[in-house]
Amino acid sequence: MTDTAVETGRVVCPPETVYVGSTDSRGRGVFARRDLAAGEVIEVCPVIVLGGAGEQELLDKTRLFDYYFGWGELAAVALGYGSLYNHSYHANADHVCDVLRGEIRISAHRAIRRDEEITINYGGRPDCPDPVWFDAVGE
């Protein structure tokens, strides 16, 4: 994996990699600020890990329902732009949930053009056909 983000110790900041913009049908989305190479790290997102089933049940009743990740038996909200990447069954990026480090790494699955929306597959690998727990818009 190529990492062109600025790295200082365990902090990775993508200052010139992505921006948040509006999509045609899915509200906000994350877009490439410049051309990205396949395998390039786009963003490393620290997460806030939430409690067990009780907290998750409460979370499901809020607007955060659409923005959190399963985190083993728990749930986590990604910081940075991590919770704003839209889902696609043909995603151009991949995400790895690293429970031990408490972060989600987003990397380009294929080359991504400047101003192209960056999507991940919430069901797993970029082309995973498994259904997700929400209505996939634009699929």
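Per the numbering used here, the sequence shown starts with residue 1323, numbered consecutively. Don't be surprised by glycine CBs; every beta carbon is placed ideally from N, CA and C. From a predicted model like this one, the values you see are computed outputs, not experimental measurements.
- Each of Leu-1386, Gly-1402, Leu-1372 and Ala-1413 was checked against the Cα of Arg-1447, and the nearest Cα belongs to Ala-1413.
- Separation of Gly-1374 and Ile-1428 (C-alpha to C-alpha, rounded to the nearest whole angstrom) is 25 angstroms.
- When only Cα atoms are considered, Gly-1343 and Phe-1391 end up about 21 angstroms apart.
- If you look at Glu-1338, you'll find it isn't in any alpha helix (DSSP H); DSSP assigns it neither H nor E.
- When DSSP states are grouped into helix, strand and coil, Asp-1388 belongs to the helix group.
- Look at Ser-1405 here: in three-state DSSP terms it is helix.
- Arg-1436 places its beta carbon less than 8 angstroms from that of Arg-1355.
- Taking 3 residues as the minimum length, the beta strand (DSSP E) runs contained wholly in the region 1352 to 1391 are 1363 to 1372, in order along the chain.
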